[in-house]
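Position in the sequence shown (from 1) plus 1006 gives the number in the numbering used here. The structure appears right after this line, and notes come after that.
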Amino acid sequence: LPPGVFIKATYDRSELIQRSIHTLRTTLIEEIVVVGLVCMLFLLHARSELVAVFVVPSSVVVALLVMHLAGINANIMSLGGIAIAIGVVVDSAVVMVENGHKHLDREEERVHAGQTARARGEVILEAAKEVGPQLFFSLLIITVSFLPVFVLGGEAGRLFKPLAFTKTFAMAAAAILSVTIIPVLMVYFITGRVLPRAWGWKRNLAITLAAMLVPAAALWLVAQSLPHVRDYAWWLAGGWAVLMAMLLVPQRIIHESRSPISWVLQWLYRPAFGLVMRHRWPVLGLAAVALASTVYPAARLGSEFMPALDEGDLLYMPTTDPSISVTKARELLQQTDKLIKTVPEVLSVHGKIGRADTATDPAPLSMVETVVQLNPDREQWRRRAVRYFFSDWPSWLKSPLTATLWPEERPITMEELKFGWTDPDGSEHAGLNRWDSGERRRPGVVEMPGVANAWPYPIENRINMLATGIKTPVGIKVSGPDLKVLGDLAERAANAVRSINGTASAYAERTLGGYYLDIDIDRAGAARYGLTTGDVQDVIQTAVGGMNVTTTVQGLERYPLNIRYARELRDDVPALREVLVDTPSGAQVPLGQLAGITINPGPPMIRSENAQRTAWVFVDIAGRDLGGYIGEARRVIARQVPMPPGYTLVFSGQFEFWEKAVPRIVGAALGALLAIVLLLYMSSGSWFRVFVVMLAVPFSLIGAYWFLYAMGYNMSLAVVVGMIALAGLDAETGMVMLLYLDNSHDRFVRQGRMTGPADLLAAVHDGAVMRIRPKAMTVSAAFIGLAPLLWAHGTGADVMRRLAAPMIGGLVVSFLMELLVYPVVFSIAKSWVHRAAWSRERTVTQ
């Protein structure tokens, strides 16, 4: 480039992509680590933990390979599908490994009782066969439960199908691995020692240290020579050493009855179990009341298509009067750019007004597009005070809380940057845009008379404009034949929505706000001077519009040469009237004597939609859910702006995607629910078992809705997808709970110990209380596996939090319901089954 010329990027989407991928990559690593720690805590046996956790990286690798083969990119949604599957893929392996531990415990008890010992492989095979079919069906059900996502079309389908594909890939891989590889690994690694005791402790120690240190040192040396992995050299070496220690160091398999985790869980669960079994019918009544309580949070949740993706930058798109001049437009652009740049968080401002020389961007001169590049490091943004319940405590007492969990200062959010904020002491801070809420009003940095501001994200804005034509979250389209009536109706609609709480700005496009220069040639007057209409038009074209008079040739390049009057000779009507026209006689006549020159109002641009003229109203909202705002706006406009005959009014914007997606996904969800019921019946052969397992689904809605309400989230497509994933997860946990209850009941029947209600209670106690560890382990793995999504921050985290929130809230409540309600329902049903047999036994005894 020549001196003084440089290229500056004012908008770069690669930064957004890298930030979003980094957010999801970090969350995935956190999930894998916490799931491994949960398995280690519950099993207390390192090799068993490795067997269980083997499914996690394996299923992730399989999902990534299939993604590559299917041409699915790594993005927020595709990685999000893997993220919400991490805590679930390990469940089947955890249950199978834990069941292997339980069978080894029972085998040990058999041997102590004097019976013949069986081969360890035979015992583990029996354990795998006992739970394998149910686990395979449970993972298959989770996979089927995601089928509704595949039927989404349009924008919703393009957003969520990658997530559905990757989650399905991971779950399918986990289902296959759990019934093929995991039993084999259990045979080799669920043992007290891998190296034979006969080799002696010295030889075994030497082999263990050599396996730990020699490859670790080699890995460290290789990593040091590779620039891309040099920073991870110690992690690679240390990870290998820890892995070999877990595999080779002798470890004792702790009996479940001696496990401290089992002691604690049984100690907590036993009193609650006894209470619910003594009051079975009141428990069912309380469960029904809890289910009915979901009406309260469900009725108060807002709705939106998707939570806004924080893209890191903003697009300032105000709308001005269509009659604005070029000079004033340039002045307005410079003023707004300078005002925006005064905000500390802004790095650069690059504005454009009018249209480019392309047919794909029909922007009028009244349309401003300014890219606002913000500082990507949010920690450098201005900070605001936060008030908590302990804020008035003495500093020595509250300092531990503020230093760790709840700091009393935090960086401002994007919404606060746009609309300002109020500190706990009442001091107001202005944002980029003014903010109105009832009687309170906060001025904005960019507040110009006659200008309606809008602050969308760049990508979101382009998608909305391509899909609906509306550049703001909400648009109103008035259609009809007469432009003047359309303009009046649009202005009345804008005035109506300005009174609604949450309206940041409302601007009605002027259907007749443009001005046109009309030159009406006086044919008779021109003829008196010997001029034709064409002669006068040539002068008008040359003087005002410009005319190509020749072409310059420079090598292979051709450039047209255009001439016209200087701006000061043609920029107003009096100057145009003085333009001279040459006559055949050589005289020069002013244009004003040959034509009438007037400026007349007219439409700046005529919009047409569905073969009708339309007028648009652009509405920007803040601090309000989109669905609730649309509902109130429809009621207000229907009451205040009646439509004359031949005119229609429709709302447009992003909410249209939500309204189109909901009926489709509800219909598909009913189909998936039917498929889940059929799969449950195929796996269990009992409609009672199907009923009990499906009870977990409505119970989970209690936690899902209340947790969403507590978090302040709106109902969105991301939340709906999270609930769909929750339904499959509930079916799996319900199948595991019912599996242990059935196994204990059937074992008591085989042993002849089902002679009365006391034996039934003992069987239910054995299947519920004594087997609390595997149930708690599966739920804990899923819950803690999802927790990193809830505390994730950065680009893409808002979407992931909405996916995880209903799963986390629903999983907690459904687990409690399974622990407290399932035993009650199971005992009532089995007591009816055994009632006749118990009556006969009592009669014989008497």
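Note that the Cβ used here is the ideal one computed from N, Cα and C, for glycine as well.
query: Does the count of Cβ pairs from the stretch 1725–1736 and the stretch 1816–1831 closer than 8 Å reach three?
result: These segments touch.
- request: Give the range of the beta strand (DSSP E) segment to which H1356 is assigned.
  value: Unbroken beta strand (DSSP E) run through H1356: 1352–1359.
- prompt: Which of the three DSSP states, helix, strand or coil, is assigned to M1177?
  reply: In this structure, M1177 counts as helix in the three-state DSSP scheme.
query: If we count the other Cβ atoms within 10 Å of its Cβ and call it buried at 16 or more, is W1461 buried or exposed?
result: buried
message: From the DSSP secondary-structure annotation, give me the bridge partner or partners of L1586.
response: P1596
query: By Cβ distance, which residues of its chain are closer than 8 Å to A1391, with the 5 residues on each side in sequence left out?
result: E1414, E1415, D1429, P1430, D1431
- prompt: What residue from V1775, P1780, H1840 has the CA that sits closest to P1277's CA?
  reply: V1775
Of the listed residues V1725, N1554, M1471, nearest to E1662 (C-alpha basis): Taking only the C-alpha atoms, the option nearest E1662 is M1471.
message: Rounded to the nearest angstrom, what separates L1158 and S1511 at their Cα positions?
response: 32 Å
- request: Using DSSP bridges, identify the partner residues of E1375.
  value: Looking at the DSSP assignment, E1375 forms a beta bridge with K1358.
- request: Kindly list the residues whose CB is nearer than 7 Å to the CB of R1236, restricted to its own chain and excluding five residues on each side of it in sequence; keep chain order.
  value: A1229, Q1230.
field: Spatial distance of I1148 from G1120 (CA atoms)
entry: 44 Å
message: Pull the bridge partners of S1614 from the DSSP assignment, please.
response: R1619
- prompt: From the DSSP output, which residues share a beta bridge with F1705?
  reply: Per the DSSP secondary-structure output, F1705 pairs with nothing in a beta bridge.
query: According to the neighbour-count rule (16 or more other Cβ atoms, all chains shown, within 10 Å of its Cβ), is V1332 buried or exposed?
result: exposed
task: Determine the extent of the beta strand (DSSP E) in which S1658 is found, giving its start and end residues.
output: 1654–1659
- prompt: Is the stretch 1610–1628 touching the stretch 1480–1493 in the sense that three or more CB pairs, one from each, lie closer than 8 Å?
  reply: yes
Same chain, Cβ closer than 6 Å to V1703, neighbours up to 5 away in sequence not counted: Around V1703: A1733, D1736.
message: Quick check on this structure: which residue in A1180, D1316, F1195, P1233 has the alpha carbon closest to the alpha carbon of E1021?
response: Cα-wise, what sits closest to E1021 is D1316.
- request: Within 10 angstroms of the Cβ of R1053, are there 16 or more other Cβ atoms? Answer buried if so, exposed if not.
  value: Here R1053 is buried. Its C-beta has 16 or more other C-beta atoms within 10 Å.
- prompt: Where are the beta strand (DSSP E) runs, 3 residues long or more, that stay fully inside the stretch 1007–1044, in chain order?
  reply: none
message: Tell me the rounded alpha-carbon separation between Q1547 and M1553.
response: 7 Å
- prompt: Q1599: which of I1527, D1544, T1539, G1652 sits nearest, CA to CA?
  reply: Nearest option by C-alpha distance: I1527.
field: contact_flag[the stretch 1786–1796, the stretch 1023–1041] where n(CB pairs < 8 Å) is 3 or more
entry: yes
- request: Measure the CB-CB distance between V1068 and L1191 and report whether it falls below 8 Å.
  value: no
message: Out of E1453, L1685, A1835, which one is the CA nearest neighbour of N1140?
response: Reading off the sequence shown, one finds Gln at residue 1140, where the question assumed Asn. Per the Cα distances, L1685.
Cβ-Cβ separation, F1395 to H1771 (assumed contact under 8 Å), whole Å: Wrong, their Cβ atoms sit about 42 Å apart, outside the cutoff.
task: Would you check if the distance between the CB atom of S1098 and the CB atom of A1176 is smaller than 8 Å?
output: no
Separation of A1782 from G1244, as counted between CA atoms: Using only the alpha carbons, I get a separation of about 31 Å.
- prompt: What is the rounded straight-line gap between the Cα of L1232 and the Cα of S1786?
  reply: If I take the Cα positions, the gap works out to 39 Å.
Own chain residues within Cβ distance below 7 Å of P1449, not counting five before or after: Same-chain partners within the cutoff: A1436, R1440.
query: Within this structure, are the beta carbons of S1485 and R1384 separated by less than 8 Å?
result: Contact: no.
task: Can you have a look at P1189 and say buried or exposed, based on whether 16 or more other CB atoms are within 10 angstroms of its CB?
output: buried
task: Taking L1438 and V1349 to be in contact with their CB atoms under 8 Å, please state how far apart those CB atoms are, rounded to whole angstroms.
output: The beta-carbon separation of L1438 and V1349, rounded to 6 Å, stays under the 8 Å limit for a contact.
task: Please name the residue or residues paired with D1526 in a DSSP beta bridge.
output: G1602
query: Are the beta-carbon atoms of S1689 and L1766 separated by less than 8 Å?
result: no
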